[in-house]
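Colleague: Have a look at the structure that comes next, please.
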């Protein structure tokens, strides 16, 4: 399973917070003996260099299937390489590659994500080093409540060079039946005082990854953000039923599902009851 770096987690969280992530024209594939969220041990040796791959629809597959070259429309949350990654022939022993790493620069720069190899590559001197088409599959948020729609947008943004600005405001919604990554579920009906709650994306409104309530750019290691203020729905004028899920959309009605999660405990909302409210930091959104 591919894994985002702390750097990429922070950038994605800050996109929710209204901050742009400026990626260059290419990503760069490296080989590493060890990799973690914050650091890697990259291979070295004569002839070793990262492999540049242009961020484009032609070079990375859509989530609908390996080799596809149109905008992502699938449910796999995964993209993969549409051409072989070729590091050439080693001029000396490079060591053992246990991971393929993805960077935003040809040297130094920032680690974006990494992928463990099913079979390590032991690279001595004079060894041709290549990884085949579709062998590098990077997955974004298949579990944990990231919708197919959002995963498709993020995959196409990071790997495939397609513009994406995180929607602001987002709208919190309450559901009485569970959605899935594809959407669906049953939202509380209108006509009983119910409406989605608008919540703007900004550093002030959403916490940085370093701690709940923080209001500066993310510098943490957990990939998590949460609202910095209470999220309060209107007072019910009729029964809302038993609410068991919260979801975030990009519109005040209909629109696209972005995130969803079950509540820690379901709550029955009767007619004339108090306005449902969730304290600051009660909701969390996490990239990992």
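In this note's numbering, the protein residues as written are 1346 to 1633. Glycine included, C-beta positions come from ideal geometry on N, C-alpha and C.
Going along the chain, which unbroken runs of the beta strand (DSSP E) with 3 or more residues stay wholly within the region 1475-1527?
Modeller: Complete beta strand (DSSP E) runs here, min 3: 1482-1484 and 1515-1522.
Colleague: Please return the same chain residues whose Cβ sits closer than 8 angstroms to the Cβ of residue 1604, not counting the five positions on each side in sequence.
Modeller: Excluding residues within five positions, the ones whose Cβ falls inside 8 angstroms are 1490, 1491, 1492, 1495, 1592, 1593 and 1630.
Colleague: What did DSSP end up calling residue 1355 once you bin it into helix, strand or coil?
Modeller: Reduced to three states, the DSSP call for residue 1355 is helix.
Colleague: Taking C-beta to C-beta, are residue 1303 and residue 1445 nearer than 8 angstroms?
Modeller: Since the first residue of the chain shown is 1346 and the last is 1633, residue 1303 is not available in this structure.
Colleague: Let me know the beta strand (DSSP E) ranges lying completely inside the region 1568-1617, each 3 residues or longer, listed in chain order.
Modeller: Listed in chain order, they are 1586-1594 and 1602-1614.
Colleague: Would you kindly check if the distance between the Cβ of residue 1441 and the Cβ of residue 1461 is under 8 angstroms?
Modeller: For residue 1461 and residue 1441, no; Cβs fall outside 8 angstroms.
Colleague: Taking the continuous beta strand (DSSP E) assigned at residue 1414, which residues delimit it?
Modeller: Per DSSP, residue 1414 belongs to no beta strand (DSSP E) and is neither H nor E.
Colleague: In angstroms with no decimal places, state the Cα-to-Cα distance between residue 1475 and residue 1366.
Modeller: Their backbone Cα atoms lie some 30 angstroms apart in a straight line.
Colleague: Apply the 10 Å Cβ neighbour rule to residue 1425 and answer buried if 16 or more other Cβ atoms are within range, or exposed otherwise.
Modeller: Under this definition residue 1425 is a buried residue.
Colleague: Beta-carbon separation of residue 1354 and residue 1633 under 8 angstroms?
Modeller: Yes.
Colleague: Going by Cα to Cα distance, which pick from 1404, 1388, 1626 and 1609 is closest to residue 1477?
Modeller: Of the candidates 1404, 1388, 1626 and 1609, the one whose C-alpha sits nearest the C-alpha of residue 1477 is 1404.
Colleague: If you drop the 5 nearest sequence neighbours on each side, which residues of the same chain put their C-beta closer than 8 angstroms to that of residue 1608?
Modeller: Closer than 8 angstroms at the Cβ level, and outside the excluded window around residue 1608, lie 1588, 1589, 1590 and 1591.
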